[in-house]
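Residues 1 to 1209 (this note's numbering) are what the sequence shown spells out, left to right.
Some notes on the structure that comes next.
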Amino acid sequence: MKNLGLFNILLLFCLFLSSRFVSISCLNSDGLALLSLLKHLDKVPPRVTSTWKLNASEATPCNWFGITCDDSKNVVALNFTRSSVSGQLGPEIGELKSLEILDLSSNNFSGTIPSTLGNCTKLVSLDLSENRFSGEIPDTLGSLKSLELLYLYINFLTGELPASLFRIPKLQVLNLEYNNLTGPIPQSVGEAKEIVDLRMFANQLSGNIPESIGNCSNLEILYLHRNKLVGSLPESLNLLGNLTDLFVGNNSLGGPVRLGSAKCKNLLTLDLSYNKFEGGVPPELGNCTNLDALVIVDGNLSGTIPPSLGLLEKLTDINLSENRLSGSIPAELGNCSSLNLLKLNNNQLGGEIPSTLGKLKNLESLELFENRFSGEIPIEIWKSQSLTQLLVYQNNLTGELPMEMTKMKRLQIATLFNNSFYGPIPPGLGVNSSLEEIDFIGNKLTGEIPPNLCHGRKLKILNLGSNQLHGTIPTSIGHCKTIMRFILRENNLSGLLPEFSQDHSLSFLDFNSNNFEGPIPRSLGSCRNLSSINLSRNKLTGQIPPQLGNLQNLGYLNLSRNLLEGSLPVQLSNCVMLTFDVGFNSLNGSIPSNFSNWKDLSTLVLSNNRFSGGIPQFFPELKKLSTLQIARNNFGGEIPSSLGLIEVLTYDLDLSGNRLTGVIPVKLGDLGRLTRLNISNNNLTGSLSILGNLASLLRADVSNNQFSGSIPVSLKKELISDMSLFSGNPNLCVPHSFSVSNLSGLNYCADQTKKSGLSTWKIALIAVISSLFVLVVVLALVFICLHRRKGKPEKDAYVFTQEEGPSLLLNKVLAATDNLNEKYIIGRGAHGIVYRASLGSGKVYAVKRLVFASHIRANQSMMREIDTIGQVRHRNLIKLEGFWLRKDDGLMLYRYMPKGSLYDVLHGASPKDNELDWSARYNVALGVAHGLSYLHYDCHPPIVHRDIKPENVLMDSDLEPHIGDFGLARLLDDSTVSTATVTGTTGYIAPGLSRGVVLAVHGGRGYESPWDEKPYETLPTGKRVYVDESDVVTFLDPPKELIPLDPASYNPAAYLWLISRAWEIASTRYDNPKLAKMTASKLFSTGDVEISLEYFSCRTSQGGPVVSTVANAFSPLYFEVTEAMEVMATEEPCDVACKFGDGLLAIEDYPQGFPRPSKHPYPFNDSVIIYIRHIGPGVCVGQAWQEGKELQQVPQRLCSDILMVKQYR
């Protein structure tokens, strides 16, 4: 019985094994292949494993997740889309012979695509998209004769396209976008007769687009953009009558665009952007009557916009921006009744904006910025009820903003900046609107800020800077929480700053250069997103509110040139702070030590305050500090040696005008990248040997200290070109090796040679041997130099090494000019040569090369340019893009001005007709005035150019003037010395530096800016000037009773009227430049009535002349105070009288000691005379008169701010 039981157990076990074996062997081949695929997967979600493994006893996999079978239980579909599967696709996939659909999209498959897929010959749809497949596309896929849909996009596939893919007879969709495929598009692409949708964009495909693509007669969608394709667009594309979408942007295609045959009726979208085509927009596109979107951005297109585009009534988007299109906008575009977007920005389009655009009832966005449009915006556009965006900035548009603008209810963005719009902002702007962005910067708008700009509570950007607005800021705007950027700079606004609501969205605030008064609102501290605040150049009083310390994102804070007092709040240390400028206030106390928290601070300006104590020891902790200015305070003690640890202190270290003592720390010599150092006007002692270690130093001012010993002989030439920067040190001497023309009160060092006691014959022998030795050395050097020059080109090429520290831009420029080859020369000047460098993409530069050996003062000229124009930015000043300096020469990089100089425009061989009409001449004159005003009154210290002439006024393509060539310019800082010599070009220099200049415009310079004739010559001292009677009557022709010519009835007031009236008529009535020339005459007389030129001079303490100018009551209309006045304002004591009335500004210069008048010195009734006596640096007193009566004493904090006389008008 026991044996029988054991037998039964063994029998049951065998039956169990047999059943298991039978069940596994019953799973068909497709099931076994699928189970094999699992071995290659790293991650399989439970919903897969729950069916694929536990149900393995089934005979077929038809009930498994993602599996579909046919009636014969064969697997025909495998769908794992978005199933979070990762791993590789095993070769066993090729065993699924009946598979028709394979969809593994949107998973994390990796590895290569198995070539065995070519065995799945019944495949109709293959989708492996959005995975991590790599390697090449297997050529075996070409065997899939039934394949219709192939999706391989968004993977990491590489290699070339197999030609066999395009021979799949039934293929309709091929999507390979977003891979790394390379090589050309195979010619076999034309064999894909059934292809409808071909997408291969965002790869690295190269070569030409095959002409054979025109054989794909069923093609509807062709996406080839974002590759490296070259050559021309194949004309065979015109054969694709079913084509609806053509995208070939972001390639390097060239040649003309030849599209638009009669077969393009189905074309809906055409995008050819970012290529290098030749020619213009093909007029034949007018045949594509169903075109919905035409997009050719930055395609290098030129020529005009074809009027035939007006035939495209279904066109919704036109984007032809960033090309070189010229001419005007065709009026026919007004027929594109479906147009929603019109983008023509960044071209060279001009003329007036056609009024027909106002007919476009569906137009939402009109973007015409950065062109050359002129005239007024048509009223039809202002009446549009569909516009949401109006972007027309940086053109030459003019006119007033009409009341119709207030009724544009859908308008969200209005950017009109940098045009010439004038008049008031419509008072109702903002009511019933959806305004989000208003940018009117850089126009001529007047009046007050409308109170309802933020009525819709959507306004995010409000930029009204650089206009002529006055009045106060409406309180409602301060409560507008949505505003993020708020710019009111450079206006005439006044009153108190508004309070800001809690949790305001404000991030950028710029109110600089206005007349705001009162305290800084503490509520600014609640605007927690604020990152930049500029309240400089106002009249703000009180203390800096500690609540600003709540602004943790605040990186830029400029409160300079106000009337602030008190100490610096320690709470500011909570800010991130990159730039901190509180210069020119009345702040006091010490610098809080916790400002050391500003680890990213790059600029720190504390100058011209009353700070005291020692220089803070924490400055070296500011590791990113590149500019440190603490001049003219009451800091005492020694210069901390730890300042030498600030390795990035590269631009400016200004410690001048304090009470510093001791020697220059040796550690300061570690600042090898410092370019500017000013330690003047202190009580420092010791030697200047440390300056020799500052290899990058371009300017150093050590004047008015107690330094002793010799100036280091190793200093660069540019550092010793102006010895006044070393003056005021009684024990300092100049080495004999220096060749300087003006010692500025210093002496040469004493000769230290002592008698050696040697006999005469020994001395003679030593002399002979030394001479022979020197001769041998010289000959050897000559031989070496000659030997080195063999095999070299005539001109040495510039090779910039990394050690010399050039900018990448300069390297590109040198490459573009073949190392300054002569064929790129466009001009020659007094100190150097100018080259033209084109870098492509419309970027063209002018490179000025100064050869120090050929021109003795070239290095000084370059240093002046770097010190002046290198520091300032203004639309009417040439911008210094970069510079490079070495021992023998230097390069300076500027934007290229295609129109040349003003002289070229006025006196060119073949000037274009009407290119510089009177209106343009007026704008040029005004532009130069703005540039000079910026140099004189917005730069600190002020900059005097000293050589304004047509050759130095450069003209851009829009005839906008840019003042250049600052080689003679002067910085009028506290160390400025008297000018005893005449500099500049005769006929153009400031009247204060030359005697007898007759023509006076823009500060007394005679030059051609508003007219063509050459400048008047200067007159000898004491000569008189007459203007013939007939000239006065002929050019003006007013009622003669207003201009009495009888000397007995001579009335100076009548001549004041004559001058102001002449300018008005010149620009409105006669359009006559000669009239303006007469207007600008420095003085004139009629008949026997003579007005003589008189000269008076201020003199230095040594008795030498400082400056002289014409003393004449009948000066012309001045745009700005003359340069002569500004020079005088910084010279030795002298008297100046200013008259401001009837739009005139005259200056009189009296000799030192001239008695102050007791009554109004001139009988002009409608004017105010400001008489200022300059009694010392930065100190002026004065009186004001009106109608012969003294008004008040006029305190002047700074003489250079002479235009403050306007407030007494």
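We treat Cβ as the ideally placed atom computed from N, Cα and C, and that holds for glycine.
Bear in mind the structure is a predicted one, so any value in this text is a computation, not a measurement.
Item	Value
N633 versus V582: straight-line alpha-carbon distance, rounded	12 angstroms
Own chain residues within Cβ distance below 7 angstroms of Q802, not counting five before or after	The predicted position of Q802 is uncertain, since its pLDDT is 30 and thus under 50; a value taken from the coordinates is nonetheless stated next. Cβ neighbours of Q802 beyond the five flanking positions: none.
Backbone CA spacing between I329 and I473 [nearest angstrom]	39 angstroms
Of the listed residues D956, L339, N452, I137, nearest to S901 (C-alpha basis)	D956
Counterpart residues of T482 in DSSP-defined beta bridges	Its beta-bridge partners do not exist; DSSP assigns none.
Cβ-based neighbour list, G692, same chain, cut-off 6 angstroms, excluding 5 preceding and 5 following	P712, S714
Minimum C-alpha distance to L311 - residue among E322, L339, D139, G327	L339
Neighbourhood of P402 by C-beta, 8 angstroms cutoff - its chain only, sequence neighbours within 5 removed	I379, W382, P426
Assigned secondary structure, R849 (DSSP; H/G/I helix, E/B strand, else coil)	strand
DSSP three-state assignment for R1024, whether helix, strand or coil	Residue confidence is low: R1024 scores 26 on pLDDT, short of 50, so the model does not pin down where it sits. Its coordinate-derived value is still stated next. Here R1024 sits in strand by DSSP.
Residue burial classification, P1010 (beta-carbon count within 10 angstroms, cutoff 16)	In this predicted model, P1010 has a pLDDT of only 33, less than 50, meaning its place in the structure is not dependable; the value taken from the coordinates is given anyway. With 16 or more other Cβ atoms within 10 Å, it is buried.
Contact under 7 angstroms by Cβ, L697 with M723	no
Alpha carbon of I646 to alpha carbon of W598, nearest angstrom	14 angstroms
Residues near Q412 in its chain [Cβ-Cβ closer than 6 angstroms; skip 5 each side]	T388, S434, E436
Three-state class that DSSP yields for K667 in the structure shown	helix
Separation of Q385 from P282, as counted between CA atoms	32 angstroms
N300 versus H225 - alpha carbon distance	16 angstroms
Status (buried if at least 16 other CB within 10 Å, exposed otherwise) for C26	exposed
Contact check, G672 vs A695, beta carbons under 7 angstroms	yes
Where the alpha helix (DSSP H) containing A33 begins and where it ends	29-38
Secondary structure of D904, DSSP reduced to three states	helix
R47 - containing alpha helix (DSSP H), residue span	46-52
Within 7 angstroms, strictly: CB atoms of P592 and Q617	no
Other residues of its chain near T986: CB distance less than 6 angstroms, five sequence neighbours each side excluded	Low per-residue confidence applies at T986: pLDDT is 35, beneath 50, and the placement is therefore not dependable enough to give any value.
Status (buried if at least 16 other CB within 10 Å, exposed otherwise) for P45	exposed
Cβ-Cβ distance between S273 and V257 below 7 angstroms	no
C-beta contact flag for S531 and Q502 at 7 angstroms	no
Nearest-angstrom Cβ-Cβ length linking L237 and L229, presumed shorter than 8 angstroms	At roughly 13 angstroms, the Cβ-Cβ gap does not stay under 8 angstroms, so L237 and L229 are not in contact.
Local conformation of Q1228 per DSSP, three classes	In the structure as shown, the chain begins at 1 and stops at 1209. Residue 1228 is therefore absent and cannot be evaluated.
Burial state of E322 (16 or more Cβ within 10 Å)	buried
Start and end residues, beta strand (DSSP E) containing I379	First-last for I379: 379-382, but that is the alpha helix (DSSP H), not the beta strand (DSSP E).
Classification of F156 by the beta-carbon crowding that lies within 10 angstroms, buried from 16 upward	exposed
Of the residues K73, F80, E92, D30, the one placed nearest K39, counting alpha carbons only	E92
Paired residues, beta bridge with E400 - DSSP	Y422
Residues near T415 by beta carbon distance below 6 angstroms, same chain, minus five either side	L391, Y393, D439
Strand pairing of F734, partner residues [DSSP]	Note that residue 734 is Val in the sequence shown here, rather than Phe. Answer is Y748, bridged to V734.
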